[in-house]
Amino acid sequence: MMYRRLPRIGNWARHAGLATLAMLAAWSAAPAHGVETVECWRGWGYLSDPDTQAYASGELLLVTRGAADWRAGLPVALYQLDRATGTIMAGQPAMTVIPAHPRLYYRGRTNYVDGRATILGMEQDLVFGLSHIAPPAGGLEAMLEFNRWACGLAAGK
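Here the sequence shown is numbered in my numbering, starting from 14 and rising by one per residue.
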């Protein structure tokens, strides 16, 4: 009996599917029991040439929406922050990156990650470093306000 071989899914299709799942997960995370939680990863990044590793841009201010899984090969959606307002740039789509070998740092829990990642749909790589903005325990309003600011959200939203 002969088996028909199915066509292979290319890397781009696999990464595009993973990127879509990552963005849906970030947007669908709902707070439990009506308590607002604000969590993200916030930091810097530079576009870089994949061959020479030379920087190809100025510093970018970056943020995730919600938690992110930093395991190698999994997509993460990053948004660029406006330097003047500190909020996520309106009308700018997410930059989906695939970290190669991210380094995670701990102080009781994961609180910093850095590394190099490929960017879906772009020729350049991304060199990045991001700090974890964890949800405050107990929903303290002052901490929620700080997290809204740190995660690039307008105050009180």
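For each residue, glycine too, the CB sits at the ideal point set by N, CA and C.
Note that this is a predicted model, so its numbers are computed, not measured.
Using 10 angstroms around the beta-carbon of residue 138, count the other beta-carbons present and answer buried if the total reaches 16, otherwise exposed. For the purposes of this step, residue 138 is identified with residue 125 of the sequence shown, where counting begins at 1. Under this definition residue 138 is a buried residue.
Neighbourhood of residue 151 by C-beta, 6 Å cutoff - its chain only, sequence neighbours within 5 removed: Within the sequence shown, the letter at position 138 stands for residue 151. Once the five neighbours on either side are set aside, residue 151 has no close Cβ partner at all.
Less than 7 Å between C-beta atoms, sequence neighbours within five positions excluded: which residues of the same chain meet that for residue 112? Counted from its first residue, the sequence shown places residue 112 at position 99. Correct list, in chain order: 83, 85, 89, 128 and 130.
What does the Cβ neighbour count give for residue 120, buried or exposed, with the cut at 16 atoms within 10 Å? Numbered from its first residue, the sequence shown carries residue 120 at position 107. Residue 120 comes out exposed.
Whole-angstrom distance between residue 80 and residue 143, CA atom to CA atom: Sequence index remark: in the sequence shown, residue 143 carries index 130 (1-based). Sequence index remark: in the sequence shown, residue 80 carries index 67 (1-based). Taking the straight line joining both Cα atoms gives about 12 Å.
Tell whether a beta-carbon distance below 8 Å holds between residue 124 and residue 51. Here residue 124 is taken as the residue at index 111 of the sequence shown, counted from 1. Here residue 51 is taken as the residue at index 38 of the sequence shown, counted from 1. No, Cβ-Cβ distance for residue 124 and residue 51 is not below 8 Å.
Please classify residue 13 as buried or exposed, where buried requires at least 16 neighbouring CB atoms within 10 angstroms. Any question about residue 13 goes unanswered here, given that the chain covers just 14 to 170.
Going by CA-CA distance only, name the one from 54, 133 and 93 that's closest to residue 72. What you label residue 72 is simply residue 59 of the sequence shown in a count that begins at 1. Of the candidates 54, 133 and 93, the residue whose Cα lies closest to the Cα of residue 72 is 93.
Is residue 108 closer than 8 Å to residue 132 when the C-beta atoms are compared? Residue mapping note: residue 132 aligns to position 119 of the sequence shown, counting from 1. Residue mapping note: residue 108 aligns to position 95 of the sequence shown, counting from 1. In contact: residue 132 and residue 108 (Cβ atoms closer than 8 Å).
If you check the beta carbons only, do residue 164 and residue 110 fall under 8 Å apart? What you label residue 164 is simply residue 151 of the sequence shown in a count that begins at 1. What you label residue 110 is simply residue 97 of the sequence shown in a count that begins at 1. Contact: no.
In the DSSP assignment, find the beta strand (DSSP E) that holds residue 162 and state where it starts and stops. In the sequence shown, residue 162 corresponds to position 149, counting from 1. Residue 162 -> not in any beta strand (DSSP E); alpha helix (DSSP H) instead, spanning 154-163.
So, with DSSP's three-state summary, where would you put residue 69? Within the sequence shown, numbered from 1, the residue matching residue 69 stands at position 56. Of the three classes helix, strand and coil, the one that applies to residue 69 here is coil, per DSSP.
State yes or no: is the C-beta of residue 79 nearer than 7 Å to some heavy atom of the ligand NAD? Here there are no bound small molecules, and the ligand NAD is not part of this structure.
Residue 147 versus 100, 62, 97 and 122, residue with shortest Cα-Cα distance: Looking up residue 147 in the sequence shown gives position 134. Closest option to residue 147, Cα to Cα, is 122.
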